[in-house]
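Engineer: I'd like to ask you about the structure that follows.
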Amino acid sequence: MESNPIEHVVSKTSFIPVLGAFSGWLMDGYVSIGYLLVATTLSTQFFPKSYGGLALVAIFLGLPFGAVARIVGSITLGNFLGDRYGRRTMLVYSIIGFSIFSFAIAFLPVYSQVGYVAPVLLFILLFMVGIFAGAEYAGGAALSMENVPQKSRLFVGSFVQSGYGVGFFLISLVIYLIEGPLRISSDLSWRYMYLTTIIPALAALVIRLFTNETEVFKNMQKEGKLEKVPLFGIIRQLREYFATLLILSGLLFINIITFSFFPTLLIMFDHLTYPTMGRNALIATMGIQNAYINLVSLAGVWIGGFAGYYLFRRKLSLSVFTILFFIAFIPAYYLTPVSIQMTVVAFSIIAFFEAAIFSSIPAFLTETFNKAHRTTAVGTVYNFASLPASFALTLIAYLWHVWNNSASITFLLELWVFFVLIGIAVMAIGIFLSKETVNSGVDSITT
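The sequence shown runs 20 to 466 under the numbering used here.
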């Protein structure tokens, strides 16, 4: 066994397809987290002032709306492109659509200009973004993992998975620059943010145009083993599908109410800590705090991949990192009300161990499903799992608004902890029901 996982990966891995997958997840993190970073501003721009706190609830509804679109995209693009015409082909088309509709959001009219037409147009574009984004995870996972030796997959997968976190980090810095040094009005900052989405999109497109199709897919083409309707092939792996659905449902539920909710929570804590600070300054401060937290999460996913290289077993890696996350979460929660500095520390601890869980996911999913319906299975299971998770923020915001009249952050944190524990329980059941995906004799990626 190689003593140095980095040396082993560098010597045996083709990095262009890996970068192709990484760039797409970077784009996804950039756009998805960007929406949440400006959610409070969008709520005032796309809904009337009379909505009050319900405007934020309405903006958060954009998440389940986009999640439904991702399911549609994973079925259509995965079933008819990824498993029929190739992983690379699907990813070229997906990034083009993803970038065009994300960029278009910057030019939308607001409520004061066209009334309720504004949120309708916003949600239409979010739906179109979701359709093309729905192909990204499955295509990226297959493209990268099918080009990597079995031993290195978890380590390389952690790098690919970290693309989302890098996108999170970059968009946090962009928001900080727009709202801070550049001093652009918060009413316009969301437009500038969406204009910048074209930059990571073009980078991803260029990388993918120079990416070759995987040998796994080429061999299936030569041998005539492509499935006519890959979606039907999933029926043969219903147990595996159900187990992975539970794992991802719990994990993505946790992810939404941690990473995706940190911006909103930080704004609230910053406002309590600095009550005289203006809105632009608050958003800029939150942006840089998010960047710090995300740097820690990147360390978590990379260290998780490094540890997984030695653990080797995917189910074992998932189990270990889930237990560590649970152990770390409770003490971290008690740090949050102490001060804004301790809040950032607490969120960083949570982010580190949660990211470590994600390091195992790309290898685990691609090895779980047969190559003939891999992009369809991975795409649909990932995006079906994201649907209940997408309602989490809306539900928390609604319960907080109705039950507590938005008065107590303590009550909000209690709701937050309750939902995190539900996510951990669901994920643990899925891990228990799942099967190990590696053994010493057969590589499930190619069989």
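Don't be surprised by glycine CBs; every beta carbon is placed ideally from N, CA and C.
All figures in this text were calculated on a predicted structure; none of them were measured in a lab.
Buried or exposed: which applies to ILE190, given that a residue is buried once 16 or more other Cβ atoms fall within 10 Å of its Cβ?
Structural biologist: By the neighbour-count rule (16 or more Cβ atoms within 10 Å), ILE190 is buried.
Engineer: To the nearest angstrom, how far is the alpha carbon of ILE94 from that of LYS68?
Structural biologist: One C-alpha to the other measures close to 38 Å.
Engineer: Check the C-beta distance from GLY449 over to ILE266 and give it rounded, since I have them as a contact under 8 Å.
Structural biologist: Contact holds; Cβ gap of about 4 Å.
Engineer: Drop a sphere of 10 angstroms on the beta-carbon of VAL421, count the other beta-carbons inside from all chains shown, and report buried for 16 or more, exposed for fewer.
Structural biologist: By the 10 Å Cβ count, VAL421 comes out exposed.
Engineer: Do you know how far the Cα of GLU242 is from the Cα of TRP209?
Structural biologist: Straight-line Cα distance between these residues: approximately 50 Å.
Engineer: Which same chain residues, not among the five before or five after PRO407, have their C-beta less than 7 Å away from its C-beta?
Structural biologist: So the list reads SER268, PHE272, once near-sequence residues are dropped.
Engineer: Rank ALA416, ALA391, ILE443, PHE410 by C-alpha distance to the C-alpha of LEU245 and give the top, closest one.
Structural biologist: Closest by alpha carbon: ALA391.
Engineer: What residues in its chain sit with their C-beta under 6 Å from that of PHE79, if we drop five residues either side in the sequence?
Structural biologist: Once the five neighbours on either side are set aside, the close Cβ partners of PHE79 are LEU412, THR413, ALA416.
Engineer: Check for me: the alpha helix (DSSP H) holding PRO350 runs from which residue to which?
Structural biologist: Per DSSP, PRO350 belongs to the alpha helix (DSSP H) from 333 to 354.
Engineer: According to DSSP, is PHE120 helix, strand or coil?
Structural biologist: PHE120: helix per DSSP, three-state reduction.
Engineer: Considering only residues of the same chain and omitting the five flanking positions on each side of ALA404, which have a CB-CB separation below 6 Å?
Structural biologist: The answer, listed in chain order, is LEU264, LEU267, SER268, LEU271.
Engineer: Assuming contact is defined by CB atoms lying nearer than 7 Å, are MET109 and ALA220 in contact in what I supplied?
Structural biologist: Cβ distance not < 7 Å, so MET109 and ALA220 don't count as in contact.
Engineer: Which same chain residues, not among the five before or five after SER316, have their C-beta less than 8 Å away from its C-beta?
Structural biologist: Contacts found: GLY184, PHE187, PHE278, SER367, ALA370, PHE371, GLU373, ALA374.
Engineer: May I ask you to verify whether the segment 156 to 168 touches the segment 302 to 322, counting CB pairs closer than 8 Å and requiring at least 3?
Structural biologist: No, the segment 156 to 168 does not touch the segment 302 to 322.
Engineer: In angstroms, rounded to a whole number, what distance separates the CA positions of SER121 and SER177?
Structural biologist: Distance between the alpha carbons of SER121 and SER177 is about 26 Å.
Engineer: Within the 7 Å Cβ cut-off, does GLU155 reach chain B?
Structural biologist: Reference to chain B is not applicable here, since this structure consists of a single protein chain.
Engineer: If you pair each beta-carbon of the segment 125 to 136 with each one of the segment 343 to 358, do three or more pairs fall below 8 Å?
Structural biologist: No, the segment 125 to 136 is not in contact with the segment 343 to 358.
Engineer: When you compare only the Cα positions, how much space is there between ILE376 and SER336?
Structural biologist: Whole-angstrom Cα-Cα distance: 8 Å.
Engineer: Does the segment 50 to 61 come within contact of the segment 275 to 290, defined as at least 3 CB pairs closer than 8 Å?
Structural biologist: Cβ pair count under 8 Å is three or more, so yes.
Engineer: From the DSSP output, in three-state form, read off ILE203 for me.
Structural biologist: In the structure shown, ILE203 sits in coil (DSSP, three-state: anything other than H, G, I, E or B).
Engineer: Using the C-alpha atoms, what's the distance from THR216 back to MET296?
Structural biologist: Each residue's alpha carbon lies about 29 Å from the other.
Engineer: Specify, as a first and last residue, the run of the alpha helix (DSSP H) that GLN180 falls within.
Structural biologist: Its alpha helix (DSSP H) spans residues 172 to 198.
Engineer: Under a Cβ-count criterion, where at least 16 other Cβ atoms within 10 Å of its own Cβ denotes burial, should ARG255 be classed as buried or exposed?
Structural biologist: Its Cβ having fewer than 16 others within 10 Å, ARG255 is exposed.
Engineer: Taking a contact to mean a Cβ-Cβ separation below 7 Å, would you say ILE150 touches GLY92 in this structure?
Structural biologist: Yes, Cβ-Cβ distance for ILE150 and GLY92 is below 7 Å.
Engineer: Put SER379 into one of helix, strand or coil per three-state DSSP.
Structural biologist: Coil.
Engineer: Out of ALA382, GLY153, GLY327, which one is the CA nearest neighbour of ARG89?
Structural biologist: It is GLY153 whose Cα lies nearest to the Cα of ARG89.
Engineer: Buried or exposed: PRO294, going by 16 or more other Cβ atoms within 10 Å of its Cβ?
Structural biologist: So PRO294 ends up on the exposed side.
Engineer: Less than 8 Å between the CB atoms is what I'm expecting for PHE383 and THR283, so what's the real figure, rounded?
Structural biologist: Their Cβ separation, rounded to whole angstroms, is 30 Å, which puts PHE383 and THR283 out of contact at 8 Å.
Engineer: By a C-beta neighbour count over all protein chains shown, 10 Å radius and 16 as the cutoff for buried, is ASN238 buried or exposed?
Structural biologist: Looking at its Cβ environment, which holds fewer than 16 other Cβ atoms inside 10 Å, ASN238 is exposed.
Engineer: Excluding the 5 residues flanking ASP486 on each side, which residues of the same chain have their C-beta closer than 8 Å to its C-beta?
Structural biologist: Because the chain is modelled from 20 through 466, residue 486 falls outside the range shown and cannot be assessed.
Engineer: Enumerate in chain order the residues of its own chain whose CB-to-CB distance from THR60 is below 6 Å, with the five nearest sequence positions on each side excluded.
Structural biologist: Same-chain partners within the cutoff: SER205, TRP209.
Engineer: Run the CB neighbour count on ILE35, radius 10 Å, all protein chains shown included, and call it buried at 16 or more, exposed below.
Structural biologist: So ILE35 ends up on the exposed side.
Engineer: State the start and end residues of the unbroken alpha helix (DSSP H) segment that holds LYS241.
Structural biologist: Here the alpha helix (DSSP H) through LYS241 covers 234 to 242.
Engineer: For VAL129, name the three-state secondary structure that DSSP assigns.
Structural biologist: Note: VAL129 maps to coil in three-state DSSP.
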